[in-house]
Amino acid sequence: MENIAAVLYGNNDIRLEKYEVEEPKENEVLIQMASVGICGSDVHYWTKGKIGDFIVKEPMILGHESGGIVARCGPGVKNLQVGDRVAIEPGVPCRVCEYCKSGRYNLCLDIIFCATPPIHGSLRNYYTHPSDFCYKLPEHVSLEEAALLEPLSVAVHACRRSGVTAGCCVLVLGAGPIGLLNMMVAKAFGATKVFITDISDSRLDTARSLGADYAVNIKNHTELEMIKEIVQATNGGPNITIECCGAEASVRLGILSTKSGGVICLVGCGPDEVKIPIINASAREVDIRGIFRYANCYPIALDLVATGRVNVKPLVTHRFSLSETVKAFETAKEGKGIKIMIKCSNAA
Ligand code: NAD
Ligand code: 572
Ligand code: ZN
6 MENIAAVLYG NNDIRLEKYE VEEPKENEVL IQMASVGICG SDVHYWTKGK IGDFIVKEPM
66 ILGHESGGIV ARCGPGVKNL QVGDRVAIEP GVPCRVCEYC KSGRYNLCLD IIFCATPPIH
126 GSLRNYYTHP SDFCYKLPEH VSLEEAALLE PLSVAVHACR RSGVTAGCCV LVLGAGPIGL
186 LNMMVAKAFG ATKVFITDIS DSRLDTARSL GADYAVNIKN HTELEMIKEI VQATNGGPNI
246 TIECCGAEAS VRLGILSTKS GGVICLVGCG PDEVKIPIIN ASAREVDIRG IFRYANCYPI
306 ALDLVATGRV NVKPLVTHRF SLSETVKAFE TAKEGKGIKI MIKCSNAA
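Mind the numbering: the sequence shown is residues 6 to 353 in my numbering, read in order.
As structure tokens, this is what we get:
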């Protein structure tokens with residue numbers, strides 16, 4: 006069996022190389038990879054070689070949004086069989102620490118996460134993973150949808166942590182894949198109105214086509230103008246704001262627009278330090294919450310897709326083969342389309 010992997014060697018240096026086919030260990034499965042989505046973090050490691058304290062020091066296989074077919078089961082695997090199609094949850098925690106035991110395993114200090122240095126990712130033909138972090142797909146859910154369960158889980162976690170529920174009015178800032186998925190999950194959780202912003206008209210057009218009630222380009226508007234427009238359209242401001250770009254201007258707008266007593270959830274990652282109106286948030290009891298990836302969200306994400314309550318298919322705008330990985334990354338870097346998908350085999 007040949008195993009070609011997309012290995013990041015350094016800035017702007019991805020090489021397609023032969024890699025060993027690992028034998029699945031106890032409770033692991035060997036997966037024939039089918040679809041791997043490119044995430045902004047993959048592109049960032051490729052162009053900058055690091056995100057915060059996570060530095061690519063050794064060659065690292067990219068990719069963490071993935072689905073594939075079980076090719077072999079290691080000893081002890083009970084939940085899966087050869088031939089099962091699975092979505093792969095890329096973060097595997099220690100399972101025994103206080104965070105893991107309380108269910109917040111995304112906060113585990115020893116979590117290993119695909120394509121976060123120094124851990125290899127899944128952009129290759131064959132990849133081994135613990136079987137309990139693989140989710141069997143119903144027949145009608147595709148392997149591309151499986152790959153999209155990863156960013157969808159980020160959105161599920163954000164909407165749960167911010168308390169989106171029936172009748173809510175939600176503001177989403179940023180209409181990239183994460184903002185669009187948050188908008189769709191907010192609607193699926195019962196939000197009655199979703200207002201979304203971006204600086205790209207094409208992304209806002211996509212947001213409208215996916216169900217945004219208001220989609221507004223913040224470019225050429227002052228902060229005050231935008232607050233007025235949001236407050237007017239949302240009957241006094243959104244109950245919940247989900248910030249999905251990280252720009253200082255966007256975090257500020259989010260805080261200042263949110264209705265008193267509401268919540269702003271920070272998903273986007275911008276500069277380490279930003280100037281925000283903290284007293285305004287405090288005096289109006291606007292809760293500021295962060296999220297770090299997700300925990301216990303894959304089953305919910307799969308259920309949303311399998312029941313048709315969230316349709317992730319329109320997000321895939323470009324497809325490339327594994328041999329075209331560099332072209333795929335260049336397309337992602339240029340900001341073309343929404344989600345770029347790499348096909349690792351004919352299985353997809
Ligand atoms: P993206 O870059 O594709 O999307 C961001 C969007 O924000 C773009 O469409 C951009 O045009 C828009 N934008 C830029 N400035 C803006 C502004 N001032 N107001 C409104 N929109 C603006 O990225 P993505 O893949 O959608 O991810 C979004 C963010 O979420 C990233 O910062 C990413 O690192 C972060 N993220 C965080 C977590 C987490 O666990 N906290 C998980 C996944 C992604
Ligand atoms: O799908 C997981 C994911 N997480 C992202 C970004 C993109 N995709 N996060 C933003 C960066 N942080 S981090 O802590 N990091 C590099 C580990 O700065 C993780 C969450
Ligand atoms: Zn990601």
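Note that the Cβ used here is the ideal one computed from N, Cα and C, for glycine as well.
Beta carbon of residue i nearer than 8 Å to that of residue j
i: Leu215; j: Gly42; result: no
i: Leu148; j: Gly68; result: no
i: Val169; j: Ile235; result: no
i: Arg257; j: Pro276; result: no
i: Ile74; j: Ile36; result: yes
i: Val190; j: Ala217; result: no
i: Val48; j: Lys55; result: no
i: Asp206; j: Gly179; result: no
i: Ile343; j: Thr330; result: no
i: Val268; j: Ser167; result: yes
i: Val272; j: Glu253; result: no
i: Ala120; j: Met38; result: no
i: Cys102; j: Leu114; result: yes
i: Trp51; j: Phe334; result: yes
i: Arg298; j: Cys270; result: no
i: Ile116; j: Tyr110; result: yes
Helix, strand or coil at residue i according to DSSP, with G and I counted as helix
i: Cys139; result: strand
i: His49; result: helix
i: Glu144; result: coil
i: Arg109; result: coil
i: Glu33; result: strand
i: Ser127; result: coil
i: Asp5; result: Given a span of 6 to 353 for the chain in the structure shown, any question on residue 5 remains unanswerable.
i: Ala11; result: strand
i: Met6; result: coil
i: Glu234; result: helix
i: Cys99; result: coil
i: Glu248; result: strand
i: Asn285; result: helix
i: Arg257; result: helix
i: His226; result: coil
i: Val169; result: coil
i: Ser205; result: coil
i: Lys318; result: helix
i: Lys264; result: coil
i: Glu70; result: strand
i: Asp18; result: strand
Residue i: CB within 7 Å of a non-hydrogen atom of the ligand 572
i: Cys119; result: no
i: Gly275; result: no
i: Ile343; result: no
i: Phe59; result: yes
Residue i: CB within 7 Å of a non-hydrogen atom of the ligand ZN
i: Ser158; result: no
i: Ser46; result: yes
i: His323; result: no
i: His33; result: A small fix is needed here, since residue 33 is Glu in this sequence, not His. No, the Cβ of Glu33 stays beyond 7 Å of every heavy atom of the ligand ZN.
i: His125; result: no
i: Glu155; result: yes
i: Ile149; result: The sequence as given places Glu at residue 149; Ile does not occur at that position. No - the ligand ZN has no heavy atom lying nearer than 7 Å to the Cβ of Glu149.
Heavy atom of the ligand NAD within 7 Å of residue i beta-carbon
i: Cys250; result: yes
i: Ile204; result: yes
i: Leu178; result: yes
i: Ser255; result: yes
i: Val272; result: yes
CB contact below 8 Å: residue i versus chain C
i: Met189; result: Here there is only one protein chain, and chain C is not present.
Selection from the options that minimises the alpha carbon distance to residue i
i: Cys164; options: Lys192, Ala151, Tyr140 and Leu142; result: Lys192
i: Gly57; options: Lys23, Asp18 and Cys274; result: Cys274
i: Lys30; options: Ala286, Pro80 and Ile60; result: Pro80
i: Glu1; options: Ile343, Glu339 and Leu320; result: Look at the range of the chain in this structure, 6 to 353, and you will see that residue 1 is not part of it.
i: Cys139; options: Ala220, Val87 and Arg109; result: Val87
i: Ala311; options: Leu186, Leu142 and Thr227; result: Leu142
i: Glu22; options: Glu33, Arg109 and Asn130; result: Asn130
i: Lys224; options: Leu209, Gly266 and Cys173; result: Leu209
i: Ile201; options: Asn222, Val177 and Ile183; result: Val177
i: Arg289; options: Lys280, Gly266, Phe297 and Val279; result: Gly266
i: Arg77; options: Asp18, Lys332 and Asn32; result: Asn32
i: Ala337; options: Phe59, Ser46 and Glu103; result: Ser46
i: His27; options: Met6, Cys44, Asn17 and Ser40; result: For the sequence presented, residue 27 should be read as Glu rather than His. Measuring from the Cα of Glu27, the nearest candidate turns out to be Met6.
i: Leu185; options: Val317, Lys83, Gly15 and Ser350; result: Val317
i: Ala196; options: Ala220, Asn16, Arg213 and Ala171; result: Ala171
Point to revise | Contact between the stretch 155 to 167 and the stretch 302 to 314 (3+ Cβ pairs under 8 Å) | key: By the Cβ rule, the stretch 155 to 167 counts as touching the stretch 302 to 314, because three or more pairs are nearer than 8 Å.
Review point. Okay, do the stretch 85 to 99 and the stretch 127 to 141 touch, 3+ Cβ pairs below 8 Å being the bar?
Key: Because the criterion of three Cβ pairs below 8 Å is met, the stretch 85 to 99 and the stretch 127 to 141 touch.
Point to revise | Meets three-Cβ-pair contact criterion under 8 Å: the stretch 228 to 239 and the stretch 262 to 274 | key: Yes, since at least three Cβ pairs between the stretch 228 to 239 and the stretch 262 to 274 fall closer than 8 Å, the two stretches touch.
Exercise for review: Indicate whether the contact test is met: 3 or more Cβ pairs, each with one atom in the stretch 121 to 129 and one in the stretch 9 to 28, closer than 8 Å.
Suggested key: A contact exists between the stretch 121 to 129 and the stretch 9 to 28.
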